[in-house]
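Chemist: As numbered in my numbering, residues 40 to 493 make up the sequence shown, in order.
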Amino acid sequence: MFDKLFKLKENNTNIKREVTAGITTFMTMAYILAVNPSILSQAGMDGTAVLLATCIASFIGTACMAFMANLPFALSAGMGLNAFFTYTVVKGFGYSWQVALLAVFIEGIIFIVLSLTNVREAIFNAIPISLKKAVSVGIGLYIAFIGLQNAGLAVNSESTLVTITSFTDNFSTSGISALLAIIGVILTAVLYIKNIRGAILIGIAGTWGLGIICQLTGIYAPNAELGFSSVLPSFAMTDFSKLGETVGQCFNVDMSSVGIFNFIVIIFSFLFVDLFDTLGTLIGVSAKADMLDKDGKLPKIKPALLADSIATSVGAVLGTSTTTTFVESSAGVAAGGRTGLTALTTAVLFLISTLFAPIFTAIPSFATAPALIIVGFLMFSTITDIKLTAENYTSAIPAYLCILTMPLFYSISEGISFGVISYVILNLVCGKRKEINPIMYILAVLFILKYVFL
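#1: Taking Gly454 and Pro437 to be in contact with their CB atoms under 8 Å, please state how far apart those CB atoms are, rounded to whole angstroms.
#2: Can you tell me whether DSSP reads Thr25 as helix, strand or coil?
#3: Can you tell me whether DSSP reads Val270 as helix, strand or coil?
#4: State buried or exposed for Tyr490, treating a residue as buried only when at least 16 other CB atoms are found within 10 Å of its CB.
#5: To the nearest angstrom, how far is the alpha carbon of Leu180 from that of Tyr449?
#6: Quick check: what's the CA-CA separation for Gly509 versus Val58?
#7: Enumerate in chain order the residues of its own chain whose CB-to-CB distance from Gly415 is below 6 Å, with the five nearest sequence positions on each side excluded.
#8: Would you grab the beta carbon distance between Cys103 and Ala346 for me? Rounded to a whole angstrom, and I think it's under 8 Å.
#9: Mind listing, in chain order, the continuous alpha helix (DSSP H) runs of no fewer than 4 residues lying wholly within the stretch 179 to 234?
#10: Would you give the residue range spanned by the beta strand (DSSP E) that Ala142 belongs to?
#11: Taking Leu90 as the reference, which of Gly358, Val229 and Asp313 has the closest Cα?
#12: Start and end of the beta strand (DSSP E) containing Ala396?
#13: For Leu255, count the other beta carbons within 10 Å of its own beta carbon; 16 or more makes it buried, fewer makes it exposed. Which is it?
#14: Does the stretch 152 to 162 come within contact of the stretch 381 to 400, defined as at least 3 CB pairs closer than 8 Å?
#15: What residue does the alpha helix (DSSP H) around Ser348 start on, and which one ends it?
#16: Ser115 by DSSP, collapsed to three states: which one?
#17: For Ala406, which of Ile71, Lys55 and Ala350 has the nearest alpha-carbon?
#18: So Thr52 and Gly375 are in contact, right, with Cβ under 8 Å, and what is the actual spacing, rounded?
#19: Taking 7 Å as the cut-off, is the C-beta of Ser452 nearer than that to any heavy atom in the ligand ADP?
#20: Indicate the three-state DSSP secondary structure (helix, strand or coil) for Thr52 in the structure shown.
#21: Could you compute how far the alpha carbon of Pro167 sits from the alpha carbon of Leu110?
#22: Using C-beta distances below 6 Å, list every residue in its chain close to Cys469, excluding the 5 sequence neighbours before and after it, in chain order.
#23: Around the C-beta of Phe112, are 16 or more other C-beta atoms found within 10 angstroms, so that it is buried, or is it exposed?
#24: Just how far apart, CA to CA, sit Ala190 and Ser404?
#25: Would you check if the distance between the CB atom of Ile451 and the CB atom of Thr127 is smaller than 8 Å?
#26: Applying the 10 Å Cβ sphere with the 16-neighbour rule, what's the burial state of Arg159?
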């Protein structure tokens with residue numbers, strides 16, 4: 040049955056190899072089940088509800104990828120997009136998480152339409168490669184900065200805006216938490232360097248384990264008033280009724296309180312980041328699996344993009360940020376995964392994970408912070424693909440501004456805005472009009488209008 044459904048022989052693979060690859064993919068990306076509730080709960084959402092929504096959306100999206108495209112790619116709540124959801128849309132712009140979910144839902148619907156045409160690929164091709172890479176690098180720094188904050192390492196400072204925490208003041212709470220986060224970063228980095236499968240997930244578990252030991256020995260003292268809860272895990276049954284707190288809430292929005300232009304900007308920002316993240320991941324992982332044709336294109340990209348789009352809309356209805364294709368799928372590909380059976384295996388594991396919600400939601404922020412910092416590094420590594428030579432300054436400087444402004448302005452959308460606007464202006468002024476795709480003019484004007492009317 041599986042051979043006929045997923046064309047295993049045609050792809051020179053077998054059930055054992057595909058299942059093993061699916062488990063490998065799940066192990067490398069399961070950290071999202073701890074990190075996503077940690078990030079979205081800061082937007083005011085219930086952690087258990089977010090985890091359940093993430094698991095179910097991941098299951099549906101990955102199963103769609105398996106049956107619609109027969110590709111070994113897994114989907115879940117995208118890193119960077121969840122940070123944009125919480126720290127920019129909710130905390131930055133002051134909108135409710137329901138409004139943010141509505142923006143994600145509409146983004147998914149637009150992507151469904153675009154995925155049925157060639158528009159999505161056309162938009163992707165219009166953006167210069169330097170800005171595509173810069174968006175990834177900038178998001179990496181942005182995520183890492185959030186990790187430093189969640190770890191309690193980066194704190195407010197009146198003189199320098201931000202500084203490193205004091206390890207001696209309040210050592211039993213903030214001090215030991217920051218120290219454990221540092222240990223977690225080192226542990227995760229070592230595991231990753233040694234190519235240990237599930238390095239990020241193991242790093243989270245190891246850091247959490249050290250936190251439990253510290254609490255049991257009295258080194259870490261929970262203080263709810265200061266925001267430091269007990270790190271001891273809960274083995275209670277999952278409260279599936281919590282999902283009711285987020286399901287359908289994206290439609291429970293009073294649009295009269297939302298500026299229509301600002302809302303459009305939010306939708307576009309989600310679209311922009313998700314567009315590059317998804318297409319970049321699909322092409323990159325497909326190249327590694329030798330699935331691209333002679334022209335460097337992925338033959339099954341339309342059903343793959345459609346699966347990704349459906350997952351985004353479904354995830355928003357359930358109660359999670361943008362669901363997208365994960366670059367960690369490359370781990371499963373490296374383990375031999377070549378068909379949708381790999382994706383289906385990962386999907387089933389996500390569904391099973393709903394039974395362990397109390398454990399995942401009990402993981403402290405100092406244990407998930409190292410994952411954010413290391414994932415930030417993995418995204419930052421694409422900076423080597425940006426050409427910084429003099430003849431490329433008209434594209435390199437906009438890329439630099441894009442990277443610089445994301446963490447410093449605490450906003451992914453601001454980084455994208457500065458990158459697009461500066462690219463168009465510099466190339467126009469320097470006589471390189473031929474380098475500018477007409478779509479870039481439209482994007483630049485839209486971003487400028489955002490600043491004029493905000």
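From the three backbone atoms N, C-alpha and C, an ideal C-beta is built for every residue, glycine too.
Quick caveat, the model's predicted, so the values are computed rather than measured.
Modeler: The answer reads as follows:
#1: The sequence position of residue 454 within the sequence shown is 415, counting from 1. The sequence position of residue 437 within the sequence shown is 398, counting from 1. Not quite, the Cβ-Cβ distance comes to about 11 Å (not below 8 Å), so this is no contact.
#2: Missing from the structure shown is residue 25; the chain here goes from 40 to 493 and no further.
#3: Taking the sequence shown and counting its residues from 1, the one referred to as residue 270 is at position 231. Residue state, collapsed to three classes: coil.
#4: In the sequence shown, residue 490 corresponds to position 451, counting from 1. Exposed, because fewer than 16 other Cβ atoms sit within 10 Å of the Cβ of Tyr490.
#5: The sequence position of residue 180 within the sequence shown is 141, counting from 1. The sequence position of residue 449 within the sequence shown is 410, counting from 1. Leu180 and Tyr449: Cα-Cα distance of roughly 10 Å.
#6: With the chain covering 40 to 493 only, the question about residue 509 has no answer from this structure.
#7: Along the sequence shown, one-based indexing puts residue 415 at 376. These residues qualify, in order along the chain: Gly179, Ile182 and Ala183.
#8: Counting from 1 along the sequence shown, the entry for residue 103 is found at position 64. Counting from 1 along the sequence shown, the entry for residue 346 is found at position 307. With 8 Å as the limit, Cys103 and Ala346 qualify as a contact, their Cβ atoms being about 4 Å apart.
#9: 215 to 232
#10: Numbered from 1 along the sequence shown, position 103 holds the residue referred to as residue 142. Counting along the chain, Ala142 falls outside any beta strand (DSSP E), though it belongs to the alpha helix (DSSP H) covering Trp136 to Ser154.
#11: Locating residue 90 in the sequence shown gives position 51, where the first residue counts as 1. Of Gly358, Val229 and Asp313, the residue nearest in Cα terms is Gly358.
#12: Along the sequence shown, read from residue 1 onward, the residue named residue 396 stands at position 357. No beta strand (DSSP E) contains Ala396, which is instead part of the alpha helix (DSSP H) from Ala396 to Thr400.
#13: For the purposes of this step, residue 255 is taken as residue 216 along the sequence shown, with counting starting at 1. It is exposed - the Cβ of Leu255 has fewer than 16 other Cβ atoms within 10 Å.
#14: no
#15: Along the sequence shown, read from residue 1 onward, the residue named residue 348 stands at position 309. Run containing Ser348: Ile340 to Leu357, per the alpha helix (DSSP H) assignment.
#16: Within the sequence shown, residue 115 is the residue found at index 76, counting from 1. If DSSP states are grouped into helix, strand and coil, Ser115 belongs with the strands.
#17: Position 367 of the sequence shown, counted from the first residue, corresponds to residue 406. Looking at the Cα atoms, Ile71 is the closest of the given residues.
#18: Within the sequence shown, residue 52 is the residue found at index 13, counting from 1. Within the sequence shown, residue 375 is the residue found at index 336, counting from 1. About 6 Å; that satisfies the 8 Å criterion.
#19: The ligand ADP is not part of this structure, which contains no ligands at all.
#20: What you label residue 52 is simply residue 13 of the sequence shown in a count that begins at 1. Here Thr52 sits in coil by DSSP.
#21: Mapped onto the sequence shown, residue 167 falls at position 128. Mapped onto the sequence shown, residue 110 falls at position 71. Whole-angstrom Cα-Cα distance: 27 Å.
#22: As a working note, residue 469 is residue 430 in the sequence shown. These residues qualify, in order along the chain: Thr433.
#23: Against the sequence shown, residue 112 aligns to sequence position 73. So Phe112 ends up on the buried side.
#24: Residue mapping note: residue 190 aligns to position 151 of the sequence shown, counting from 1. Residue mapping note: residue 404 aligns to position 365 of the sequence shown, counting from 1. C-alpha separation (whole angstroms): 6 Å.
#25: In the sequence shown, the residue the question calls residue 451 occupies position 412. In the sequence shown, the residue the question calls residue 127 occupies position 88. Result yes, Cβ atoms of Ile451 and Thr127 sit closer than 8 Å.
#26: In the sequence shown, the residue the question calls residue 159 occupies position 120. Burial call: buried.
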